[in-house]
Structures are given as structure tokens and as C-alpha cells.
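Protein chains in written order, with this note's numbering: chain Z, 313 to 638; chain V, 380 to 727; chain B, 141 to 659; chain L, 3 to 318. A short worksheet on the structure shown next.
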Amino acid sequence: MREWRYLLAEQRGTLVAMAIFALMFTIYVANHPAGLTSNVVQTAANKGVLLAFVAMAQTLVVITAGIDLSVGMIMVLTNCLASALVVGTPLQAGLGVIAVLAAGTLCGALNGTIVIYGRLQPIVTTIATGAIYFGLALLIRPFPGGSVHEVLADAMTGKIGGVFPASIAALAAVVALVWVPFSRSLAGRAAFASGSAEQAAYMSGLPIRRGRFLAYALAGLCAGAGGLFLTFFTYTGEAAQVSGSAYTLFSIAAVVLGGVSLYGGRGSAIGAVFGALAFRTIGDMLFVFDFDALWQPLFQGLILMVAVSLGAFGLLRVRNRLDWFR
Amino acid sequence: EPKVVSGPADEAECFAPWKNDTKFLSFDAKKGPYRIALANGYIANTWRIQMVQTAKAYAAQPEVAAKLKEFKVVSTGEDVPAQISAINNFIDSGYDAIVVDAQNPTAFAPVIRRAKQAGVVLVAFDNTLDTEDAINVNVDQKGLGAIWGEWLASHLPQGGKVLEVRGVAGTSVDTDRHDGVQEALAASGKEFKVTEVMGKWDDAVAQKVTADAIATNGPFDAITAQGGDTGIVQALIDAGHPFVPFGGETENGFRKFCAQYADQGLKCTSAGSGPAQVAVAMKVAIAALEGKTVPQAVKLPLAVASEFKAGQDYFPDASDNFFVGNSFPTCGINFTAQEIMSQSQTNQ
Amino acid sequence: MESHAPLFRMEGVSKSYGGTRALERADLTLRAGSIHALLGENGAGKSTLIKVMTGVVAPDEGVMTLAGRAVSFASPAAANEAEVVCVFQELSLIPELSVADNIVVSNPPTRFGMIDRKAQRLLAEEALARAGASDIHPRALVRDLPLSRRQMVEIAKALARKPRILILDEATSALTASDVDKVFRMLKGLRDEGLGLLYISHRMNEIKELADDCTVFRGGRKIASYPAGSKSDAEVVQMMIGREVSSVYPAKHRPEVAPAPTPAAAPRLELRGLSWADRLHDISFDLHAGEIVGLGGLDGQGQNELLLSLFGVLRGVEGQILVDGKPVALSGPARARETFPGIALIPEDRKTEGLMLPMSVRDNLSFAALDLLSHGGVVDAPEESAAVQRMIELLAIKTSSPDVAVGALSGGNQQKVVIAKWLLRGPRIILLNDPTRGIDIGTKQEIYRLLRRLADEGAAILFYSTDYAELIGCCDRVEVVYDGRIRRELVGEEITEHNLIAAALNIVPAAEGDARGGH
Amino acid sequence: MPAFLRRADPAVLIAFACILVLLLIGSIYSPGFLTAKYLLQQLKVASFLGIIATGTMIIILLGHIDLSVPWAMTMGAMMGCAAAALGPVGSALAVPFGILCGMAIGLVNGLGVAYLRIPSMIVTLASNAVTQGLMVVYTGGYAPQDAATPAMRFLATGETIPGLPNAALIWAVIGTLAILGLRRSVFGRAVFGIGNSERAAYMSGVGTRRIVMLAFVVSGGLSAFAGTLLAGYASKASQSMGDTYLLPAIAAVVLGGTSILGGRGSYVGTIAGVILVTLLQSILSVMQLPEAGRQIIHGLVIIVMLLLYGRTPAAR
Ligand SMILES: Nc1ncnc2c1ncn2[C@@H]1O[C@H](COP(=O)(O)OP(=O)(O)OP(=O)(O)O)[C@@H](O)[C@H]1O
Ligand SMILES: Nc1ncnc2c1ncn2[C@@H]1O[C@H](COP(=O)(O)OP(=O)(O)OP(=O)(O)O)[C@@H](O)[C@H]1O
Ligand SMILES: [Mg+2]
Ligand SMILES: [Mg+2]
């Protein structure tokens, strides 16, 4: 009895994110002219998965009480890279995929190195490295272009067995191969702990630096996976600064909707994934409701505002005002 | 699946083929009225707002409205995948035609294929799509740059120092226009020393970088800019820089300045692709659905002006941010500023 | 196991923080199978010594040997590796992790490279049981535990590391008698197993009960090492603070001298049927000007909540609070401190509720009284400096200047800053939550005198303490809390350790006389 | 060494030294960088960023962040211009009305952060989106008047003291108020206190929620004010005119030595940061490099400068 209560408390953020997503998606599908078809699900999945990757990346950094404002740019850079490398024979494309993911990881590792060993504040560090990554992307793609291994791309954005979106499967695979082992490892625990109370984590003898470094590097990997998927999705590479910044900001929104604490130490990438899907569904609502074109951004903003305010209902239950402060 | 037919197009005046060898297409006629969608990307700038307003105004014209069962607009933001998803959704929801102002010309291959399979007419404008499987309503971006470049070259017999204020790095429009300018200047055979700055198609940014460029690299003998031109003239005025020949876009504010300071040396050519091209794109889409013959790539006339008459080439009472050049007489499309910007929600 | 061979030795160790010399050529010898107490006033350098020992800070000079081999730890992790484990004064638990996660934090059991949560859970339960804290659920978040429970978790965490040397730096400061008992039993067991234990506490009775050896520090220097029991209390105190302390507690009100609480006047503070959530039930008592009233009972029985409710921190408090006979609605500390005649609360956890650690002593001291020290929203700097200086002197806060960050003060001095910052307002109702936690005996005496003086000047004081001796020594009356209710009111002579414990444990006093004769 | 130098924070001194180095490097490229005209022009442009950074800094000192800067600016500018359309009275009240609109956004942020306890990063992101939506509706639906008023022009580009742009003067006034306010006022102390530990500040009887809300209102107002000035500079208001100010403002504040976690920082540092960012952007923009090179150098320079003086102390 007490046991499941604790479990519930641990997973509350994730469960709330799931609930928000389920609610929104139900509304969306119920109003969609085509209804719940595998095409509609696939379209929503492909779009959501991109942000989910970036949100996962952001989660990894946010649990260490940092923030990564370069995730969007890593995605843009790896998108440009993939549009040049994931081509040719299946073997070459496969090697290209590895190279792209490695490049993403490298970007994350660079962020981590500067933040941890240079002891700089993550927010400006990643603003600066974001500019560098965008510059590199521009070097690779001064204007949009490139291509991708189309069979691979279609497989990754298509449907498994004609029904299940392959992109969701890929996302699940990354969660299982990156997030789960990380969060269950000593390094992952050190990352959480340093986000929650760095001094205490140090005094407890945790490998803080290793944990944080790994978090940043894996964040780069996830953002790189996002860039790869962007390429699969668009068959092309583009050094798009605005969309890089947009993804960065969206990732923060997704992370918060996903129940990850921006103060560090608490949250799950799985929650962030649902946060990302929920956030994307906000955009999809425009499609099913007949809003005038000019009112759409306002409508979208208001839904976001309402969604993030939902957490405030918890305040009504707060009986000790000290609980306001984290 | 459209048939490739021989030209000319049905409304040959309006639907001019892009090139001599452009294919002509004829889709199987569908019975109207039609469901047409406009998939827009970013919306929070004046050009796009004006474009959406024009689209709504056009759809509301009685003869057009009669052919439409539904006209739906969705703006998805900067994010290309979101726009792709919107088009996918339109396809799945059974729209007859989709008009796209693409965020990126190269990114739509998969969705173009799907549209083709589903028999949906896809018409791209502004940023066209690199494909033969969709109809492009083309503004010649590179040609636009060339117009500015040639015009500057003709106004600088000895060559000289040119300030080029570019747009947003990494986009195809910026690259195309830049290439057009550069090639035209080079082709003139004169000596030009070009200073490039990035103005992001934004007045305040363009004004700042222009001011900096003047202070450190100026003075210049001529200027060309892809956008933010009003800000650039403002920077000239603020810096006390002499007025010089200026090849720029079609902002109302820019043309106001050009008219005002013409006699002080601010010679301008103002050319661009007005937001009203959306109406042409919609017209093409309807024509295609009706089974008429249309070129695969339609060449839009550019709105070019070097003399500025109030009330015709610019509107003294309208906003500086307004884009002039909203008439395509050959297509029977003529909007005034008032018609577009006071098109409010209620009178749709 | 040779009990004479020193397990650990430290010689000539010095450590400076900027200009502050925290340790000066300090020596220490710890025998295996013994409990060694470190004594010294606040800021004497005890915690610094421990931090050097466990690799938290690097010493400027000096050598350390462990079982005869020279050692120097680069980090707490390295010290743990060598089985030197410490419960730090400023706890080192991770608030967002569960109790179990915390207990095995740096060395969790793994399976296929991943943390094995079942095994971890078992380890944690075992460690909690050994520490005598089986009441704590291993899946609870540390964030949600009260301070005393956190201290127990911290002890369990140290045990789980299988130490050879176990150091407890004021690890019992928030514990009440029953917890202390359990911990002591455990510590004695460890001693018998041959561990070396280093024990720091400001509670003299604990040291008397536990220690085999004692070392006294003052001003960063070792003053003396001696076998426990070989010196009298007076001598020890003399060594610690450099002067004699005759009687720790000031005289209480004797009705014939000062009939202070005149029943005619309305009580300064009156609680009528206070209830809150399931933590407080129907609490009623009065608090008169000139009185020091204690709150007793085991820790976590609702005393903290009671104090918080009087400070306006809790929502949905039922019942009435009257100040000077008039009902007041307290919507928060801001209202409470302005409610004439002013309520002050010295909170439970100084680190999170009392202080802004990175800010200067000055900023902290004046923080709660800036409204009084400013004109038109602008702080009057000279007035502020004068007030700050006055408080530093009044409480003998040991700091090189008011501009030093509070975080750099020793634990006890930090606590003094918390008290001083509220006294600066001159409040008439003072609520104290274990205010002398971690304060040395000399300062404690000063604080008791101060409280008594404030009471004599007309303040009403409500004083929660986990230390029974303090309740007995200081309070005119003690309300013993059990499970959110006032279990018993003890007045004057009734305030004895026996009665306090009996009421705290909710043992029905069969017949007053019998009970007294009992133990 | 003069006393004021000895007292100053070494980080701030190094930041100012970096400014000189930047200028010297620029002057190798073109002597134009050392002319009074160029420097005054930079000061004018820096003033807009400086005013925004003032608000941003107060928010960062609280341990929060304000992502609604871009559209608060735009809204301030557009609403100011809109007020001008209402005739002479509107024209006179244009700037205050713009500021008021910005404060309204700040109020929403403040309520969300302080009273609903939503993380600031997300409330301000949402309010930014809502404001953008409002401005799109407004622009599309009401044939807006968006020309700057003469007063806006005067405030942004006029010169009361010959040679010195008014914008710089305004920044100087706001900066002085900020320095005094943060150091000397009860509000300033509360801001630092909350930034270090909101819980402790609350338990000290400070009305932390009111202070936080007030800070957001101030920040929104300052953003909008900068927006009206920018409209004056460009002689008109336009959509997304604020987009290029958000990250530079944060970067400037942090480059100036303010801790993003709150509770630590000095306004003099922010001044240095603002000038650094403005100069760096300006010098890079006129140097004839490919945009890719500019971006990379921009990032590298910021990191190198932070490594020079912006490192947080080691754990041990
Ligand atoms: N991080 C620090 N920076 C600067 N000075 C420090 C720091 N930590 C401790 N000090 C100083 O070193 C001296 C010794 O402090 P320490 O914490 O060792 O005292 P202590 O004996 O443990 O006192 P208490 O009984 O109050 O805990 C004090 O004067 C204190 O101000
Ligand atoms: N954070 C935690 N703190 C304390 N105990 C926990 C925690 N998480 C799980 N446990 C306990 O550990 C045991 C394993 O629970 P859990 O649900 O995590 O299984 P699991 O990790 O999936 O197991 P396995 O390692 O076999 O996959 C249970 O007894 C559970 O109560
Ligand atoms: Mg200590
Ligand atoms: Mg307690």
C-alpha cells in the first residue's frame, strides 16, 4: 500500500505528462477529419519524435542543474552533416550514421568539458558553443541542399508492418539504450545528485565530474539523433538558425511539461518524451480546430500557458507555505 | 497523375511558363467546389501576415469563393518538419489542393511524393520546391539579385564601393539573391569593391549593421539590400552619408524615402516579390483542379519600379512595413493596400 | 586488534581559509576500539580538522598516518576508499534522492553494470535497522524528512560504508533522547568491534557517557588530550572557552522575587484549540510576557508545525491565535513580524531557512529588520552598520569582519547569526526551534542569559529544544507534545528529566509519587 | 593603484580590459573603429541592450530568467506607435503607454512565477508566445499605425548634450538607479536575498512574492521601453524587432559576472558585458568574413573571455 504510493510519487511528473499528452492527442484525433488512421499517427509521431530527441538531450543536462541552449544547434549541425555523410551504399550510409552520432556526442562532450573543467556557467557556454556549431553548419551547408540514403530514411520514418510508426520504435530504442542505462548507473546517479546538491554529492564521494560529463555527452548524442531524424524526414540539410533556436526553446517547454525540474536533480527522459509529444500536439490542434490564420499563434500561446499553469493546481493542496520553495 | 501536354496554358497571359522548355500539365478535372489549404510556415513578420491576408481576400472574392468549398490556412512556425506534417495532414484529410509557402525549398521531397500518389495538387510559391512534381509559382530570386546588380552597374560607370546588405545566412533566398547581385556586378566588367553585411531582412538589424559599415568602411558609392531597406536609408540619414543609388526591395517605407529624397540623389530601383503572389498560386491551383492546362513552373512578373508615384507605387498613409507591388494585372489580381490590411476577420 | 596501537595519527596539521587560521599545528591520535571526543567552542577548528582528515579540504601542512602508513586524501571519495567515513555537520545527503539511494550513494550494488535496486533496498534496510531507524521508509525522499530523520539516515549511510574509522561531527545535534540512546548503543557496539570513532558534540552529558579519550581544541590549536573522566567539568570548560562557567543556566523566576506573569493582564500569546492537518490537534495554552515556555517531546511530534503555525507559515490552521487578547490572522512571516508586538521565529534548519549563506554577515544580520533600518525604501547605511556591530558584540559572533560570507563561519557562529538577526528587531514574542543546536557551552550560557533578560524585559518566549537539560535549566513551564497534542504541562519543580521523558513517550504517570521513586 | 581600482572586482576590470583589446583588434582592421563617431554610435546601440540587460539582470539575480524580452519589446514599440495614432494626447503618452504594456506582460510573468510557482523559464516562454500571437492579430487585423513618434525619435537618437545620444543618457540614468537600487534599497537587498535563498528570505518576513512580481514588472517595463527606443531609432515599429536581443542580453549579464543561479553580481559588470557584446557583434558584422566564420569567432571569443575571468570557484 505504501509501496505503490512511493512509486506513484516518484513517477508523478512522467505520469502527468502522459496524461496531458493522452488528453490532447485524444482531442486531436477525435476532431481530425481523417480520424485515427495509421497515417495520422505516423505524421504526428514523426514530428513529435524529433522534438522528443531534443527534449531528451535537454533532460540529460537539466538534471545536472544545467541548461543546454545549444541542443537545437547541435541538431542543425548534425542535420547538415547527415545530409553529406548518410549517402551512398548501405555500408557508407551506415558509417555515416555512426559518424553523425559521434559528431553530436562530440559537441555535447565539448559543452561538458568547457562547463565542467572550465567551470563556466552552462547557459552562456552553450549560447557560445551554439554559435560555433551553427557556424560549422553554415560551413557545411551555406545554402540548403544535400541528400540522404532514401531507403534508410523511408524505413526510419515509415511504418513497421504497415501500422506502427518506425520513428517511435527508434525513439524507444534510444531511450532503452541511452537513458535507462544512464539513469541506472553510478555516473547517472552522480549526475542527478550533483544537480540536486553538488556539495553534498562531492562530500559523499560521488564521481560528479564523470556523471556530469557523461550527461552532456549523451545529450549531444540525443541531439545528434534528432539531427539524423531531421535529415531522414526532410532528405536534406539546412543551416537554419531560427529553427535551431526554436527547437532549443521547445525542448525547454517539453522538459517542463514532462515533469523535469529545471532546478536539477529530478525528472525522467521518458517524461520529457511525453512532454515533447504533448507540446507538439498543441501545434497540431491548429489543424483540427478552425481558427483564423492570424489567431493561431495566440491560440497556441494560450494553450501552452494553460498547460504550464496546470501544475499550479498542486498549490491548492500545499498546506505548508515552505513547500512553495521547491 | 497529371498528363504532360503541349502548351500554351489556358490563361497564357497569367500562367507564363518559367522557361521555354517548361512542361505543361493537365490534371484530370475534378468537380468543384474545392477544398484548398494554405500551408504557411512562419507568420510573425509583416510579409507573411500580408500574404495570409491577401490569400483570405482572394478567397473571398465572389468568383473565387464560388469555386471553393473550404479554404484553410495553417501557420506552423519556423520548423520545417511541422510544415511537412501539416501538408501530410492536409493530404490525409482529403484536400484537393495545397498551396505552400515553403520554409526550405529542398526539404519536401517525401511529402511531394505522397501528394502525387494521393492525387493532390501541390502548388508552391515564394520559396519554390526543387521538384518537377509540384507546380511552382516562381519568383526568380536570382534574377531579382541580377536586376539590382545590373541596375547598380549601370549607375556606376566607373565601378566603386558597394554596400550589400544581405538577408538570413543559410537560406536559399539569401544565397540566390546574393549570387544574382555578384554575378551581375562581375559581368559588368567594372571594378566593384563590395562590403557585405547581414541585415536579416529586418529594419532594425539592417540599420545597425549599415551604420557600423558606414562608420568603418564607408562612404559607399551604391547600396543594394535584400530587405530592411527602410532602416538602411534611415542609417544613411542618421550618419549624414550622401544619398547614393540603391537597389532594394518593395517596402512602402523604402519607396516613401525614395520618392522624398529622389532629388537629393537617392535613386532607387525597388523590385521584389509581393505577398500577393499567393493569389496567383491559388489561381493556378484552381485552374489545375478544373483540368486546365498549366505550366509546371509559372513565371511571375517582378514588381519593379524606379519612379515612384504616390498612391500607385507607394502609399503615403500606409505603414512603412507594408509591401507594395500587389498587382498582377495579367492575372486579374489587383489589391490595394487598404483592401489587404483592413481585411479583418469579420468580413471574410 | 591492538587497542594501544594508534589507528590514526595526525601531526602538525594547519589550515587557513584566506586570512582565517582555522587549524594551527594540530595533533590527534585515535586508537582502534575507542571513542574519541573532540571538544571546543564554536569555531575552534573541529570541523576543519575533520574535513582535512576526510579529504574535503587540503591541509596547508602536516602529516597523517592511517594504521602506520602515511596517507593524504585528495577527496572524500579517496577517504571512503580507505574506510574513513564521516557524518558531516552540514549534512551531505542528496535531497532529491530516496533514502535508499542515499545510503548506498557512492557504492551501490550493481547487476550487469546497472544499479540493482532490490539489493540496494536490502542494504539500506539493514543499515537503517543497525542505526535504529527502521521507522524510515527506504523509498521516502530525503527532501521530505525532518532534520532529525535526516541525521539518522546520514548515520545509516555512514554505517553502510563499513568504516574502519567513523567520524560523527555533531551528528546527534538534532536528535532527541530516545534516538540518541539507540545511536549510542550502536556506537558502543562498533567500538567493541574495534573501530576508531571520533565524536564531536556540544552536549557535555553525551560526551561523558560515551567517550574514552578526549581532545580539546581552542582557536585552531590542540589544548590537551586526556582520558575521559580524568578532568572535572569545570576544568574541561575552562580549557574549552578559556574562562570558568559557574552555572550554565540563569536563575528562573521565583514567584517571591518577580511575580512576572500577572494573571490580570491578557496573555501575550494565547492559543485556543489550534489544529492543523493531521499534525496538530486542539492545542491550547497561554504565553505571558516575562515567561520562557518550553516545548518538549520527541522530535517530529508537531513542535515544528506548532511554531510554524504561530509564524503564519501554515495554511488552514484551525482555532484561534490571540496576541494581547486580540485575535490575529497570520498569513505569513511578513504579517507575523509586523503584528504588534512582533513575532520572531528562529527556524529549524539554519542553512535553508535561516541564512543566505553566500551573503555577508552584515546583509544577513540586517535582513529581517531592513524595514526598520531604512527611510523611504533606502537603507540607512550608518544605522545599519551600528546595529550590525551591536549584534555581533552582543552574541560574540566570531567573524573577522561583517563583510565575510556567513557560509564561512563555523556552524555555531552561523546559528548565532540567525538568532541575532531576529533579536535586531526587538520582537516581543520569540519562537525558537532548537536554537542552541551546535552551539558551544560558553555561548549557550550567553544565549540562556540573553533569553532570560529578554523575558525579564517583557518578551514572551516559546522554546523548543531536543535537549532535556536545556528545558529543565531554562524554562518556567514546559508543554510536552505527543502526536500533535499537548500531552502534559509541567510547571516549576515538575520539570524533571523523568517527567519529560515519561510524557514524551506518552507513558501514563501511574501515581506521581511512585514514578518519582521509580528509577 | 588608485583606490577605486583596488576596490573593484578583478573580473570587472578584466572585462573592461577585454573591451579595449577588442577595440584595438578592430582598429587593426579599420581605423574607423577608433573614431568618436563610431564609438558614440556603439554607445547608442549598446544603450538599447543596456536597458534590457538591466531588467534581465534583476531577474537573473533573483535566480530566474525572462524569455519574454523579444515580444515585450515588440509590444512596447507597437503599442507605443499605436497610441500615437490617437492624436496629440496619444502621441504624448506613446512611450508611457508602450512601457505600460510591457509591464502588463511582466505582471503576467510575475504572477505565474511568484504566485503560481511555475518555473520562470516556461512562463516567460509562454507569455512571449501569447504576446507574439497578440501582435500578429493586431498587425493583421487593424491596419496598424506603426510610425515612431517624434518623441521616440528624440529619445533614441536626439542629443540633449551635444555629441551624446539621448539613448545613452537614458541608459546612464537607468543604470545609476539600478546601481543605487540594488546596493542601497530595501528592494535591492531583497532581490539578492531571494536569489540566494528564497526560503530564507521568506522566513525572514520579506514579501518575497511581491518582490519577485515587482521585478518581473520592472523587467517587462524596461524591455518595452527599450522597444520604444528601438522604434525611435528605426523610426518605426515592426514584428519580431526584438528577436535579436534576448540571448545577447543574457550573455551580457553573465559576461558581466552575474551568476545565473542568482544572488551574485554587480551592475558595473553588466555595463561591461553590454559593451562587450555590442562591440563584438559590431566588429564581427563589418569584418568581411563569411557568416560561418563570424559565428564561430563570436562563440570562441565569448568562451575565451569567460575563461579569462568568468570561472566559478573550484569546489575545493
Ligand atoms: N569555508 C570557509 N571559509 C573561510 N573560513 C572558514 C571556512 N570554514 C571554516 N572557516 C573558519 O575556520 C574556523 C574554524 O571553523 P570550524 O568549522 O572548523 O569550527 P568548529 O570547531 O567546527 O565550530 P562549531 O562548533 O561551531 O561547528 C572558523 O573561524 C571559521 O570561521
Ligand atoms: N528509489 C528507490 N529507493 C528505494 N527502494 C527502491 C527504489 N526503487 C525501487 N526500490 C525497491 O527496489 C526493489 C526493486 O524495485 P523496482 O521496481 O525498481 O524493480 P526493478 O528495478 O525493475 O528490478 P530489476 O532490477 O530486477 O529490473 C523494490 O523492492 C522496490 O521497492
Ligand atoms: Mg563544526
Ligand atoms: Mg527538529
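Where a beta carbon is used, it is the ideal one built from N, C-alpha and C, also for glycine.
- Look at B/P216 here: in three-state DSSP terms it is helix.
- The alpha-carbon of B/R455 is positioned some 28 angstroms away from that of L/I61.
- In this structure B/D309 does not touch B/F213 by the C-beta definition: roughly 16 angstroms separates them, more than the 8 angstroms allowed.
- The continuous beta strand (DSSP E) containing V/K382 extends over residues K382 to V384.
- Taking the Cα positions, B/A406 is about 17 angstroms away from B/G413.
- For L/M137, the enclosing alpha helix (DSSP H) stretches over residues S122 to G143.
- L/A226 is positioned such that its CB atom lies closer than 8 angstroms to that of L/M75.
- The C-beta separation of V/V544 from V/V588 comes to about 7 angstroms, placing the pair in contact by the 8 angstroms criterion.
- Here the alpha carbons of B/A609 and B/E637 stand approximately 7 angstroms from one another.
- Of L/G197, L/G89, L/G223 and L/T178, the smallest CA-CA separation from L/G264 is found for L/G197.
- Inclusion of V/R556 and V/G524 in the CB contact set at 8 angstroms is warranted, their separation being smaller than that value.
- The nearest non-hydrogen atom of ligand 1 is 7 angstroms or more from the C-beta of B/N504.
- Among the residues facing chain L, B/T492 is included, as its CB has a counterpart in that chain under 8 angstroms away.
- For the C-beta of V/I422, the chain L residues within less than 7 angstroms are, from N- to C-terminus, V138.
- Per the Cβ contact rule, the stretch 576-590 of chain V is not in contact with the stretch 479-491 of chain Z (fewer than 3 Cβ pairs under 8 angstroms).
- Those residues that have a beta carbon less than 5 angstroms away from any non-hydrogen atom of ligand 1 are, in order along the chain, B/Y157, B/T160, B/A162, B/N182, B/G183, B/A184, B/G185, B/K186, B/S187, B/T188, B/A548, B/L549, B/S550, B/G551 and B/G552.
- Boundaries for B/S500: no beta strand (DSSP E) harbours it, and the DSSP string shows neither H nor E there.
- Excluding residues up to 5 positions away in sequence, L69, S70 and W73 lie with their Cβ nearer than 6 angstroms to the Cβ of L/N130 in the same chain.
- Closer than 8 angstroms at the C-beta level to chain V, one finds these residues of the stretch 539-552 of chain Z: L542, F545, T546, Y547, T548, E550, A551 and A552.
- Among the residues of the stretch 503-522 of chain Z, those with a Cβ less than 8 angstroms away from any Cβ of chain B are F504, A505, G507, S508, A509, Q511, A512, A513, Y514, M515, S516, G517, L518 and P519, in the order of the chain.
- When rounded, the separation of the alpha-carbon atoms in B/A177 and B/V293 is 22 angstroms.
- The continuous beta strand (DSSP E) containing B/H176 extends over residues S174 to G180.
- The residue among V/S567, V/M430, V/A532 and V/L508 with its C-alpha nearest the C-alpha of V/V552 is V/L508.
- Cβ-Cβ separation between L/K46 and L/A169: approximately 5 angstroms, consistent with a contact (criterion under 8 angstroms).
- Counting C-beta pairs with one atom in each stretch, the stretch 444-461 of chain V and the stretch 419-427 of chain V have three or more that are closer than 8 angstroms, which means they touch.
- At a C-beta separation below 7 angstroms, L/A202 has these neighbours in chain B: T492, E493, G494, L495 and M496.
- Placement of the Cβ of B/Q229 at a distance of less than 7 angstroms from at least one heavy atom of ligand 3 is found.
- Beta bridge pairing from DSSP links V/K572 with V/K540.
- Proximity of chain L to V/D608 at the Cβ level (cut-off 7 angstroms) is not reached, the minimal Cβ distance being about 12 angstroms.
- Taken through DSSP and simplified to helix, strand or coil, Z/F525 comes out as helix.
- If you ignore the 5 residues before and after Z/I428, its C-beta comes within less than 6 angstroms of the C-beta of R521, R524 and F525, all in its own chain and listed in chain order.
- The stretch 336-418 of chain Z is shown to contain whole alpha helix (DSSP H) runs of 4 or more residues at 350-374 and 383-397, in chain order.
- Under the DSSP assignment, L/I196 falls in the alpha helix (DSSP H) whose first and last residues are V188 to N198.
- Straight-line measurement puts the Cα of Z/L542 at about 15 angstroms from the Cα of Z/G408.
- Against chain Z, a Cβ distance below 7 angstroms from L/P121 picks out V568 and L574.
- Nearest C-alpha to B/L510 among L/T246, L/G195, L/V270 and L/I30: L/G195.
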